[in-house]
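The structure under discussion appears below in the form of structure tokens.
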Amino acid sequence: MKYLFLAFALCMPMAMSAQQTLNISVKNPLSTDRTDQPVVLSLQDYGEVRSALVTCGNQEIPCQLDDINLDEQYDELCFLSDLKGKEEKTYTVTLFKEGEPRTYPARVYAEMLMRNDKVKEKNKHNNFVSSLTVRGDCANSYNLLHHHGVDFESELNGIRIYFDKRQTLDLYGKFQKRLELEATQFYTSADQKKAGYGDDVLWVGNTFGLGAFRGWDGKEPTMIDPVKNRTQRVISYGPLRTIVEIIDQGWQYPSAISHQPSAVNMTIRYTQYAGHRDTDVDVFFNRDMKGAEFSTGIINVKGSEEFSDKKGLRACWGTDYPSTDTVKWSRETVGLGILIPQQHIVSEEPANKDNYAFVVKTDNRHLAYKVVYCSANETFGFHSAKEWFQWLKTWRKEVEAAVKVKVNSEK
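Mapped onto our numbering, the consecutive letters of the sequence shown carry residue numbers 129 to 539.
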């Protein structure tokens, strides 16, 4: 059946009017092999696109069309490239004015759920939603959504973001490299644990957790509060990347100049690619925020060992209980990391009992950084601080040497 589907898919362009055919060259600048390298094509110059086909030679390559601004028009096409050291590949992208996006096996997952009082099992709730907005005076937004906020994953990780003023990233640790959150909903049952499923591996409290974005009052981080409205929503469910957003409308952020509250709308976008344990974080403001200072970082896991290259890469390796219930829960060992471009860094703050923090800035309306983690439970991952910190150094080199993409129009 797989071969029949491929043959059918490759014949589809003959029956449909192609809007544009593009040749895209993708080159690996490093001498090391790399897998699942994202290639993202903006569609703004190609008119309306309803479906697409990506091939390399005679092989169909899974691709994804995304409507980023939710206006019912696709804005971006994404596919993933596997490249040997210094290799360059040419992909053919055919865009169509009609049809539906092709279906490929899911390699990422995202989920938002309202609680269902009729369901007793914590991993079988079924009130699915794609977006939820609450007023700033909502008494307990944290408990409105099942697992306390949107969650998402690749085969290597699993993250939920708390739906409250903390907006903290909490972590799910896996034993096997696979998707699990649809089955466990972040609340792994005893039977699932016996079957090798993962579970929550981090206690976050009021800390950054893994790279939560916060305000800065000149001395310490501040929560995203007060706000007029707070929203969580899923932009894309996959199959190659999932995109979720946190929207804080009317955030009363103190001005760096006058120190008086000044309302701003902020959108924090998290993009998770298949095959990746790292997550992209993009922060957007609706006005110029030059001069304002913010903060982010990672939790100081109890008794953790710290690493910093003093150039924006900071990490830790530590062990703690993921819950205040130390009877039902075992201690978990995790490695955390954050990578911030140097142009965004105001200062790297000394570690305190809660966080390894950065003070950050933007010269306009946008800033971006990456977060990453591992669980020592992984059969496929890292099991010591030395291994973790060494991998992070390699990771930084790969981030800074992104694959080179060149687009050529064929017709």
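Note that CB positions come from ideal geometry on N, CA and C, so glycine has one too.
All figures in this text were calculated on a predicted structure; none of them were measured in a lab.
If only complete runs of 4 or more residues are kept, the stretch 275 to 357 shows the alpha helix (DSSP H) at 309 to 312 and 318 to 322, in order along the chain. If the five residues before and after Val167 are omitted, its C-beta is found closer than 8 Å to the C-beta atoms of Ile152, Val154, Cys206, Phe207, Leu208, Ser209, Tyr219, Val531 and Val533, all from its own chain and listed in chain order.
Going by C-alpha positions, Gln201 is about 27 Å away from Ile289. Phe412 sits away from Arg524, with the two beta carbons spaced by 8 Å or more. Residue Asn255 holds the alpha-carbon nearest to the alpha-carbon of Glu239 among Pro229, Phe224, Asn255 and Asp245. Around Asp194, the same chain offers Glu204 and Ser364 as residues with beta carbons nearer than 6 Å, after the five sequence neighbours per side are excluded. Going by DSSP, Glu528 is part of no beta strand (DSSP E) but of the alpha helix (DSSP H) stretching over Ala513 to Glu528. Within 10 angstroms of the beta-carbon of Asp328 lie 16 or more other beta-carbons, which makes it buried.
About 6 Å separates the beta carbons of Gly343 and Tyr381, which is inside the 8 Å limit, making them a contact pair. In this structure, DSSP gives His253 a state outside helix and strand, which the three-state scheme calls coil. In the three-state reduction of the DSSP assignment, His472 falls in the helix class, which pools H, G and I. Note on geometry: alpha-carbon atoms of Glu526 and Pro469 lie some 14 Å from one another. Counting only runs of 3+ residues, the beta strand (DSSP E) found wholly inside the stretch 134 to 198 occupies 146 to 155, 162 to 170, 179 to 184, 187 to 189 and 191 to 194, in chain order. The way I'd put it, the stretch 332 to 339 doesn't touch the stretch 355 to 364; fewer than three beta-carbon pairs between them come closer than 8 Å. Judged by their CB atoms, Leu211 and Gln165 are nearer to each other than the 8 Å cut-off. Between the stretch 255 to 264 and the stretch 307 to 324 there are fewer than three inter-stretch CB-CB distances shorter than 8 Å, so the stretches are not counted as touching.
Beta-bridge partners assigned by DSSP to Arg361: Ser259 and Glu373.
Taking C-alpha positions only, Arg442 is separated from Gly175 by approximately 42 Å. In this chain, the beta strand (DSSP E) harbouring Lys534 covers Lys532 to Ser537. Lys217 is bridged by DSSP to Val154. Collapsing the DSSP output to three states places Tyr232 in coil. Secondary structure of Tyr270 (DSSP, three-state): helix.
The straight-line gap separating the alpha-carbon atoms of Gln187 and Thr399 is approximately 27 Å. Put simply, the backbone Cα of Ala513 is about 18 Å away from that of Gly440. According to the DSSP assignment, His494 belongs to the beta strand (DSSP E) that extends over His494 to Ser503.
Sequence-distant partners of Tyr237 (beyond 5 residues in either direction) whose C-beta falls short of 6 Å from its own C-beta, in its chain, are Glu281, Leu307, Leu309 and Glu310.
For Asp437, the three-state secondary structure derived from DSSP is coil. In the three-state DSSP reduction, Glu421 falls in the coil class, being neither helix nor strand. Counting C-beta atoms within 10 angstroms of its own C-beta, Phe422 has 16 or more neighbours from the protein chains shown and is therefore classed as buried.
Less than 8 Å divides the Cβ of Asn393 from the Cβ of Asn414.
In this structure, Asp279 is the residue among Leu169, Asp279 and Ser159 with its C-alpha nearest to the C-alpha of Thr370. In its chain, beyond the 5 residues on either side, His253 and Asn254 have a beta carbon closer than 7 Å to the beta carbon of Val247. Secondary structure at Phe224: strand, using DSSP grouped into helix, strand and coil. When beta bridges are read from the DSSP output, Ser209 appears opposite Gln165. Residue environment: Arg294 is assigned as buried (16 or more neighbouring CB atoms within 10 Å of its CB, all protein chains considered).
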